[in-house]
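Student: I have a structure here, written as structure tokens, and I will follow up with some questions on it.
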């Protein structure tokens, strides 16, 4: 049983798996050209106009699975030939318009963009339309549709436009690497670059494998893992990671515990703070609200804080972060972070790694994973960071009234930042999460579902440590 | 100077790393050797045992430290070592 939300994810996964198989066997260079034909065999096309185009696109996917275009600094990349050049006409009246008498569309349009011909059929004047969508909402026949590309629709920071060939184009100065477009494009034409081959290389040369390596590889896993790999138990996933060659598996939630303590203190000192856990949110402030950069918490993200701790206490350690997040791939390239985090993988890539070794996770014995507190673990969902910061205030006896503004998704973040910019924000702590739902809505998740939040809460309650102080008391 | 690292990897953690850290802190205070011991945590040392916690003292790894055998462990591997260093 494999669970992905869409067939596009499944296709991407198959490419990753094949690349991983060859990489483990050191056969990547010799056999790389065979992957497209292996995944799209025969003469009949199943996805595109012809099998040759399918293979050409698969070839591009293989490139991205191996790190993508080195000249493009963005970890999110468009496969131009895979882009279906979806229509971008904006709001249009379809032939479902019956030429009714009510003309609700006209009444609701504040821009006077709607006119009628002699049959009372509505027409939209493109030069006046502001694409607010009000007409589409009131039409009793749902005859008005908004034609917007799924990628543009998904990109709330408006980094996606069309190039001269009508293919999607990403403005790197606006892109926050949240991966929303990657997940939403129905043709899989936008992908996050994969550093899985680097991870395999690190694992192959480590102490645990037989090639005489001298270092240990630590897997730092995000708490949202509790809502993933639902066909196996979390303990079995831990065992699977160790079989891949990881020396130990540590919860990023422990880093979250450390961050919660430090951030509570910082907030009480500064009086106003925006969170720094979500790399896409941090990048958004940097690119869209440069004047607010001073309010970003100086604490690094849980991933970076924990990786720093591991590297400082364990000589010859290497750290691979595994999470739901495409923006973490960009965060790991930042100067202040790259010395601590050697590689970032998504859950999608981890699934491909497991299957490239033909692991049957559900048959493994259960390993253990326990380092963090309830509060560290619930960072994975929207609102968790705020709960943890409030708890950390209590535990450290800090007398400060925290007035949180929980922003679920980048649009909510934008609203809060606009208010902060104007000085009308009712609150002193902005918890910003670029993905709706928090990390469990991340683009690198295998599945996104209603019950993921309750899975994370359940996992949180299973923590042995009930307070943040308990969890980090051992780390000195 | 003794560097004492208590394993707080998942396996040891579940077998009571927290207890051992607490006992160590108390014992170090009791014997007034704070200046001679640096206590810290460490992720998996790679010697997961069925019972007890793994503790590394300088380069020596000791497995299976529990509440019950703590006194003995502390004496042979920490107090006695400090004694001999003083001489």
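Residue numbers (our numbering), protein chains in the order written: chain A, 572 to 1047; chain B, 1082 to 1168. Note that CB positions come from ideal geometry on N, CA and C, so glycine has one too. Computed from a predicted structure; not experimentally measured.
1) Is the beta carbon of residue 632 of chain A less than 8 Å from the beta carbon of residue 926 of chain A?
2) For the alpha helix (DSSP H) that residue 967 of chain A lies in, which residues bound it at each end?
3) DSSP three-state call for residue 891 of chain A: helix, strand or coil?
4) Does DSSP put residue 740 of chain A in a helix, a strand or coil?
5) Please identify, using Cβ separations under 7 Å, the residues of the segment 1136-1150 of chain B that lie next to chain A, in order along the chain.
6) In the segment 1086-1119 of chain B, which residues sit with their C-beta less than 8 Å from some C-beta in chain A, listed in chain order?
7) Counting only runs of 4+ residues fully inside the segment 620-682 of chain A, write out the alpha helix (DSSP H) ranges in chain order.
8) Who are residue 1005 of chain A's beta bridge partners in DSSP?
9) Quick one: complete beta strand (DSSP E) runs, 3+ long, within the segment 813-842 of chain A?
10) Give the C-beta separation of residue 952 of chain A and residue 876 of chain A to the nearest angstrom, bearing in mind that I take them to be a contact with Cβ-Cβ under 8 Å.
11) Verify the contact flag: residue 646 of chain A, CB atom, against every heavy atom of the ligand MN, threshold strictly below 7 Å.
12) Please list, in chain order, all residues of the same chain as residue 1149 of chain B whose beta carbon is under 8 Å from its beta carbon, the five residues on each side excluded.
13) Can you confirm whether the segment 819-838 of chain A touches the segment 863-883 of chain A when touching is taken to mean that 3 or more C-beta pairs between the two stretches lie within less than 8 Å?
14) Establish whether the CB of residue 1127 of chain B and some CB of chain E are separated by less than 8 Å.
15) For residue 688 of chain A, count neighbouring Cβ atoms within 10 angstroms of its own Cβ and tell me buried if that reaches 16, exposed if not.
16) For residue 988 of chain A versus residue 863 of chain A, is the C-beta spacing smaller than 8 Å?
17) Run through the DSSP bridge pairs and tell me what residue 1134 of chain B is partnered with.
18) Looking at residue 1132 of chain B and residue 1122 of chain B, is the spacing between their C-beta atoms short of 8 Å?
19) Could you have a look at residue 1090 of chain B and say whether DSSP puts it in helix, strand or coil?
20) Which same chain residues, not among the five before or five after residue 539 of chain A, have their C-beta less than 8 Å away from its C-beta?
21) Taking only beta carbons into account, state which residues of the segment 929-962 of chain A come closer than 7 Å to chain B, listed in chain order.
22) Determine whether the Cβ of residue 911 of chain A lies closer than 8 Å to any Cβ atom of chain B.
23) Could you check if residue 1155 of chain B is buried or exposed, using at least 16 other CB atoms within 10 Å of its CB as the buried criterion?
24) Leaving out the 5 sequence neighbours to the left and right, which residues in its chain are closer than 8 Å to residue 809 of chain A when beta-carbon positions are compared?
25) Return helix, strand or coil for residue 572 of chain A, following the three-state DSSP convention.
26) Does the beta carbon of residue 881 of chain A come closer than 8 Å to any beta carbon on chain B?
27) Measuring straight from C-alpha to C-alpha, what distance separates residue 999 of chain A and residue 973 of chain A?
28) Which residue or residues does DSSP assign as beta-bridge partners of residue 975 of chain A?
29) Where do the ends of the alpha helix (DSSP H) carrying residue 717 of chain A lie?
30) Can you give me the C-alpha to C-alpha distance between residue 620 of chain A and residue 655 of chain A, rounded to a whole angstrom?
31) Are the C-beta atoms of residue 1154 of chain B and some chain A residue less than 8 Å apart?
32) Using the three-state DSSP reduction, which class does residue 590 of chain A fall into: helix, strand or coil?
33) Please list, in chain order, all residues of the same chain as residue 942 of chain A whose beta carbon is under 8 Å from its beta carbon, the five residues on each side excluded.
34) Beta-carbon of residue 1033 of chain B versus every beta-carbon of chain A: anything under 8 Å?
35) Where does residue 696 of chain A sit, in a helix, a strand or coil, going by DSSP?
36) Which residue marks the beginning of the beta strand (DSSP E) containing residue 762 of chain A, and which one marks its end?
Tutor: From the atom records:
1) Taking the first chain and counting its residues from 1, the one referred to as residue 632 of chain A is at position 61. Taking the first chain and counting its residues from 1, the one referred to as residue 926 of chain A is at position 355. Cβ distance not < 8 Å, so residue 632 of chain A and residue 926 of chain A don't count as in contact.
2) Numbered from its first residue, the first chain carries residue 967 of chain A at position 396. Careful: residue 967 of chain A lies outside any alpha helix (DSSP H) and carries neither H nor E.
3) Indexing the first chain from 1 puts residue 891 of chain A at position 320. It is a strand residue.
4) For the purposes of this step, residue 740 of chain A is taken as the residue at position 169 of the first chain. Note: residue 740 of chain A maps to strand in three-state DSSP.
5) none
6) 1086, 1087, 1089, 1090, 1091, 1092, 1094, 1095, 1098, 1099, 1102
7) 622-636, 675-679
8) In the first chain, counting from the first residue as 1, residue 1005 of chain A sits at position 434. Within the DSSP bridge table, the entry for residue 1005 of chain A names no partner.
9) 819-822
10) Translated into the one-based positions of the first chain, residue 952 of chain A becomes position 381. Translated into the one-based positions of the first chain, residue 876 of chain A becomes position 305. 19 Å between Cβ atoms; not a contact.
11) The model depicted lacks the ligand MN and carries no ligand whatsoever.
12) The count along the second chain starts at 1 and reaches residue 1149 of chain B at position 68. Once the five neighbours on either side are set aside, residue 1149 of chain B has no close Cβ partner at all.
13) yes
14) The displayed structure is made up of protein chains A and B, and chain E is not among them.
15) Here residue 688 of chain A refers to the residue found at position 117 of the first chain. So residue 688 of chain A counts as exposed.
16) Here residue 988 of chain A refers to the residue found at position 417 of the first chain. Here residue 863 of chain A refers to the residue found at position 292 of the first chain. Yes.
17) Position 53 of the second chain, counted from the start, is the residue given in the question as residue 1134 of chain B. Residue 1134 of chain B is bridged to B/1146.
18) Residue 1122 of chain B sits at position 41 when you count from the first residue of the second chain. Residue 1132 of chain B sits at position 51 when you count from the first residue of the second chain. The answer is no: Cβ separation not under 8 Å.
19) Position 9 of the second chain, counted from the first residue, corresponds to residue 1090 of chain B. Coil.
20) In this structure chain A extends from 572 to 1047, so residue 539 of chain A is not present and cannot be described.
21) 939, 940, 941, 942
22) Your numbering for residue 911 of chain A matches position 340 in the first chain. No - not a single Cβ of chain B is within 8 Å of the one on residue 911 of chain A.
23) As a first step, residue 1155 of chain B must be located in the second chain, where it is residue number 74. So residue 1155 of chain B ends up on the buried side.
24) For the purposes of this step, residue 809 of chain A is identified with residue 238 of the first chain, where counting begins at 1. Contacts found: 820, 937, 938, 939, 940.
25) Reading the first chain from its first residue, position 1 is the one you call residue 572 of chain A. Low confidence applies here, because residue 572 of chain A scores a pLDDT of 49, under 50, leaving its location unreliable and the question unanswered by this model.
26) In the first chain, the residue the question calls residue 881 of chain A occupies position 310. Yes, residue 881 of chain A counts as interfacial toward chain B.
27) By one-based count along the first chain, residue 999 of chain A stands at place 428. By one-based count along the first chain, residue 973 of chain A stands at place 402. Approximately 7 Å between the Cα atoms of the pair.
28) Numbered from its first residue, the first chain carries residue 975 of chain A at position 404. Paired residues: A/1000.
29) Sequence index remark: in the first chain, residue 717 of chain A carries index 146 (1-based). Premise fails: residue 717 of chain A lies in the beta strand (DSSP E), 715-718, not in any alpha helix (DSSP H).
30) Position 49 of the first chain, counted from the start, is the residue given in the question as residue 620 of chain A. Position 84 of the first chain, counted from the start, is the residue given in the question as residue 655 of chain A. Taking the straight line joining both Cα atoms gives about 11 Å.
31) Position 73 of the second chain holds residue 1154 of chain B. Taking Cβ atoms only, chain A never reaches closer than 8 Å to residue 1154 of chain B, which makes this a no.
32) On the first chain, position 19 is the one that residue 590 of chain A refers to. Residue 590 of chain A: helix per DSSP, three-state reduction.
33) Sequence index remark: in the first chain, residue 942 of chain A carries index 371 (1-based). Cβ within range, chain order: 821, 822, 824, 825, 1042.
34) Residue 1033 of chain B lies beyond the range of chain B shown here (1082 to 1168); nothing can be said about it.
35) Walking along the first chain from the start, residue 696 of chain A turns up at place 125. In this structure, residue 696 of chain A counts as coil in the three-state DSSP scheme.
36) Within the first chain, numbered from 1, the residue matching residue 762 of chain A stands at position 191. Looking at the DSSP string, the run of the beta strand (DSSP E) that includes residue 762 of chain A is 761-763.
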